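> This is the structure, below, for whatever I ask next.
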Amino acid sequence: MRFRRADGADTAAAQAAYRTILEHLAATVDYPHWHSENHPTPAEVQAWVQGGQLYLAVDDADAGAVAGVVVLNHDAPDAYLEAPWTIDARPLEALMVHALGVTPGFLRQGVARFLVDASLDVARQAGCRAVRLDTYVGNTPARQLYTGYGFTDLGVHTLHYEGTELDRFHLFEYVL
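Residue numbering for the sequence shown is 1 to 176, as defined by the UniProt record's numbering.
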């Protein structure tokens, strides 16, 4: 498994990966509410790729298939400014994790943990002091992943994201 930043040539594959994740969530349990909210859209994925923010877990043993996707940047909702983080970090000192997903053919194979490991490495290389993220309150698998990994769960907070009425999210932080 390799972790790498997506480039323009990866846009269609990244969009397809998110589409298969959304279809899988529609057919099973939509814990993060990505399917019901149509998130992320192909335009969002394209913008993340163009902005150098989308990363891929690629399985070379499977002809370079995209096993997982994650967005890493310093963008956070305004409510993050008021959150009770365990350390004080300026915006560029905290890496934000968004839209972490595993394609259905790679579920339960350690890809999510691989993506978290790689995200922490990106943060360290960038000189960040913390990694922060939020998960929808009903997304039990993600909450278990992050707490099991050692992230601090700061509880439920109200966050407002454009285009959705969902506003109750757990905030997580991993101090580097």
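Virtual Cβ for every residue (Gly too), placed ideally from N, Cα, C. No experiment lies behind these values; they were computed from the predicted model shown.
Give the straight-line distance between the Cα atoms of ALA123 and ALA67, rounded to the nearest whole angstrom.
Taking the first residue of the sequence shown as position 1, residue 123 is located at position 123. Taking the first residue of the sequence shown as position 1, residue 67 is located at position 67. C-alpha separation (whole angstroms): 21 Å.
> Quick check: what's the CA-CA separation for ALA76 versus MET96?
Against the sequence shown, residue 76 aligns to sequence position 76. Against the sequence shown, residue 96 aligns to sequence position 96. Cα to Cα, ALA76 sits roughly 7 Å from MET96.
> Which word fits VAL29, buried or exposed, when buried means at least 16 other C-beta atoms lie within 10 angstroms of its C-beta?
Position 29 of the sequence shown, counted from the first residue, corresponds to residue 29. VAL29 comes out exposed.
> By Cβ distance below 6 Å, which residues in the same chain neighbour HIS98 in space, the five residues on each side in sequence not counted?
By 1-based counting over the sequence shown, the position of residue 98 is 98. VAL71.
> What separation, rounded to the nearest whole angstrom, lies between the Cα atoms of ALA17 and ASP88?
Within the sequence shown, the letter at position 17 stands for residue 17. Within the sequence shown, the letter at position 88 stands for residue 88. So the alpha carbons of these two residues sit roughly 35 Å apart.
> Strictly by DSSP, which residues pair up with PHE114?
Taking the sequence shown and counting its residues from 1, the one referred to as residue 114 is at position 114. According to DSSP, which records beta bridges pairwise, PHE114 is partnered with nothing at all.
> How would you label LEU22, buried or exposed, when you count the other beta carbons within 10 angstroms and need 16 or more for buried?
Taking the first residue of the sequence shown as 1, we reach residue 22 at position 22. Burial call: buried.
> Could you spell out the range, first to last residue, of the beta strand (DSSP E) harbouring TYR55?
Along the sequence shown, read from residue 1 onward, the residue named residue 55 stands at position 55. Where TYR55 is concerned, the enclosing beta strand (DSSP E) stretches over 54-59.
> Would you tell me roughly how many angstroms separate the C-alpha atoms of GLY105 and ALA83, rounded to the nearest one?
Numbered from its first residue, the sequence shown carries residue 105 at position 105. Numbered from its first residue, the sequence shown carries residue 83 at position 83. Using only the alpha carbons, I get a separation of about 36 Å.
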